[in-house]
Amino acid sequence: MKGIGRVIFVAGLPAAGKTTYAVHLAKNVGIPLLSKDAMKEHLHDALHYDPVDQETSHRYGAAAYEVFYYAARQVMCCRYPLILESNFPPQAAEVLRPMLSQYGYQPLTLLFDADLNVLHKRFVEWDHTPERHAGLVLKSGIYEDFAVFSKAVLPLRDFSVGGVQKKVDTTNFENVDYPALDQLVEHFLRTTC
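Note that our numbering has the sequence shown beginning at 5, numbered continuously upward.
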């Protein structure tokens with residue numbers, strides 16, 4: 005295969021603004037976006053599962069990741085640049101690193117993070133809005149407990165597939181320099197290794 009492929013990971017913690025930015029970025033640079041949560045939403049709509057507890061949610065989340073990885077492989081084998089968006093756990097790197105190597109892709113990771121108290125408040129509020137997809141809401145409300153939420157999300161800060169990694173602090177969305185992020189991505193997509 006000729007050349008180096010490019011993949012942008014929009015990763016990080018829940019309620020940090022990953023999906024909103026990834027959708028913007030895909031439109032701005034004109035490349036495909038694959039989102040694990042979007043795939044989980046489609047699984048929910050097709051199968052009508054009830055995310056009543058953490059186990060059920062994790063089972064369908066794992067299925068969504070399998071579809072996500074399959075779709076990523078299909079795009080990568082065609083050598084297209086792409087955006088992969090999810091709250092990737094560190095162990096996802098064990099699947100993704102070999103894919104990057106196999107298809108000759110160079111990664112740029114934008115790791116969205118914020119103060120945990122701010123993220124927790126946003127997450128709980130978002131979970132109670134009608135805009136939040138039913139397939140993503142745990143009916144048990146387990147993540148309303150700050151300690152449970154923190155324990156679940158802190159490992160997401162450790163996601164790394166190598167390459168360039170940029171932390172994006174979204175504690176206050178108004179302080180984020182989104183045009184600079186766009187420029188970083190555009191430069192990354194234009195650069196050859």
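By construction, the Cβ of each residue, glycine as well, lies at the ideal position given by its N, Cα and C atoms.
Note that the coordinates shown come from a computational prediction; the quantities given were computed from them, not determined experimentally.
Three-state secondary structure (DSSP) of Val172: strand
Nearest candidate by alpha-carbon position, reference Gly108, set Val33, Gly167, Pro94: Gly167
Which listed residue (Leu115, Lys155, Arg83) has its alpha carbon closest to that of Phe92: Leu115
Exposure label - Leu17; buried when at least 16 CB within 10 Å: buried
The segment 116-130 in contact with the segment 58-76 per 3-pair CB rule at 8 Å: no
CB contact flag (Ala30, Lys22, <8 Å): no
Contacting residues, own chain, Cβ-Cβ under 7 Å from Ala20 (five flanking each side not counted): Cβ within range, chain order: Phe116, Asp117, Ala118, Leu123, Thr174.
Helix, strand or coil at Glu89 [DSSP, three-state]: strand
Residues near Glu190 in its chain [Cβ-Cβ closer than 7 Å; skip 5 each side]: Val33
Sequence-distant residues of the same chain with beta carbon closer than 8 Å to Met103, five excluded per side: Tyr73, Ala76, Arg77, Met80, Tyr109
Boundaries of the beta strand (DSSP E) in which Val189 is found, first to last residue: No beta strand (DSSP E) holds Val189; the alpha helix (DSSP H) holding it covers 182-194.
Span separating the alpha-carbon of Val172 from that of Val180: Approximately 7 Å between the Cα atoms of the pair.
Those residues which DSSP pairs with Ile12 across a bridge: Ile87, Leu112
Neighbour-count burial assignment, Glu70, 16 or more Cβ in a 10 Å radius: exposed
For Pro94, the nearest candidate out of Leu193, Gly9, Phe13 (CA to CA): Phe13
Straight-line Cα distance separating Glu135 from Val11: Rounded to whole angstroms, the separation of the alpha carbons of Glu135 and Val11 is 29 Å.
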